[in-house]
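With my numbering applied, the sequence shown corresponds to residues 357 to 519, in that order.
The beta carbon of each residue, even a glycine, is placed where N, CA and C say it ideally should be.
Written out below as structure tokens is the structure these notes cover.
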Amino acid sequence: MKVKNSDIGFMGMSIGWKPITPLSERSGNAELAGVSLNRSGGTVYGEDFCISVVPGSIKYLSCFDEEHAQRTAENIALPDGEWERIEAAVRELTLKEDIPPKPTLAEKLHGNLEMLDGCSKITLYLTWQSGEGSWEVKYLWGHDDSYSRLWDMLFSLAQNSVK
357 MKVKNSDIGF MGMSIGWKPI TPLSERSGNA ELAGVSLNRS GGTVYGEDFC
407 ISVVPGSIKY LSCFDEEHAQ RTAENIALPD GEWERIEAAV RELTLKEDIP
457 PKPTLAEKLH GNLEMLDGCS KITLYLTWQS GEGSWEVKYL WGHDDSYSRL
507 WDMLFSLAQN SVK
């Protein structure tokens with residue numbers, strides 16, 4: 357019997373892990389069609405950041421400027437070559453899909469408990485497109501240099517776009 361990575365579990369329970377499929381091996385010849393990054397700063401004022409980029413434009417951004425004023429903007433043209441730089445930065449990432457854990461017994465009995473206060477969290481969404489349509493996948497944010505480069509690129513793009 358051949359065991360797949362996604363079948364690994366503990367005492368018959370799934371641990372919610374899927375194998376990583378490198379971008380170059382994705383089925384259906386899917387292309388990157390969008391990048392969205394969202395940082396919730398928890399309770400720290402001025403740390404929230406959100407940007408959604410597609411080829412040719414920034415669909416939406418929300419960030420704080422140097423004076424700590426929140427700025428938002430929509431449908432801003434990307435500078436020439438910027439989408440290609442973003443796409444290249446995404447290709448350097450080791451992507452791990454963010455699979456929500458199965459609900460605990462307490463959550464099943466009492467519903468989801470809402471956290472009112474928390475720490476900073478970064479979420480990455482990538483939109484893929486192929487002949488079969490488009491779909492968005494949520495990924496875990498990594499902590500290596502490739503993620504830092506993507507962060508710096510998108511944060512700088514946002515800051516320069518709201519000046």
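For residue i, the three-state DSSP class (helix, strand or coil)
i, result
"ILE478", "strand"
"VAL518", "coil"
"GLU448", "coil"
"LYS415", "strand"
For residue j and residue i, the rounded distance between their alpha carbons
i, j, result
"MET438", "GLY498", "It is worth fixing the name first, because residue 438 is Glu in this sequence and not Met. Whole-angstrom Cα-Cα distance: 22 Å."
"GLU494", "TRP484", "In the sequence as presented, Glu is not what sits at residue 494; that position holds Lys. Their backbone Cα atoms lie some 11 Å apart in a straight line."
"GLN515", "GLY487", "35 Å"
"SER504", "GLY412", "23 Å"
"LEU482", "GLU423", "31 Å"
"VAL409", "ILE455", "23 Å"
Classification of residue i by the beta-carbon crowding that lies within 10 angstroms, buried from 16 upward
i, result
"ALA386", "buried"
"LEU465", "exposed"
"LEU461", "exposed"
Short Cβ contact (8 Å threshold) for residue i with residue j
i, j, result
"LEU393", "ILE478", "yes"
"GLU440", "LEU388", "no"
"ILE430", "LYS415", "A quick correction: the sequence has Glu, not Ile, at residue 430. Yes; because the gap between Cβ atoms is below 8 Å, this pair is in contact."
"LEU449", "LEU506", "yes"
"VAL518", "ARG427", "yes"
"LEU513", "LYS452", "no"
Residue(s) in a DSSP beta bridge with residue i
i, result
"ALA433", "SER413"
"LYS494", "TYR481"
"GLU387", "GLN485"
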